[in-house]
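Structure first, then comments.
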Amino acid sequence: MPKIKIDKDLYEKVKDVSEGAGYSSVEEFVTHLLERVATPPEADDNDEDVIKRLQGLGYIS
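Letter by letter, the sequence shown follows residues 163 to 223 in the working numbering.
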């Protein structure tokens, strides 16, 4: 698995934020953030698609 180096102070900040957000690890949190940034938004999404996706994620019923 590839590894990256970051400043220790930044790591501590990320660790605090990830713990506060309920992630099980810094790696899980950073992976989630990178996936969100690296995945372009779907240009063809309409309101119905967004609602279905949010329902599937359990955000709305």
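Even for Gly, the Cβ is constructed at its ideal location relative to N, Cα and C.
- Residue state for residue 223 is assigned as coil, using DSSP reduced to three classes.
- For residue 213, the enclosing alpha helix (DSSP H) stretches over residues 209-218.
- Take residue 185, set aside five residues on each side of it, and the residues of its chain with a beta-carbon closer than 6 angstroms to its own are 191, in chain order.
- Membership of residue 200 in the alpha helix (DSSP H) is indicated by the continuous run 188-200.
- If you draw a straight line from the Cα of residue 220 to the Cα of residue 209, it is about 16 angstroms long.
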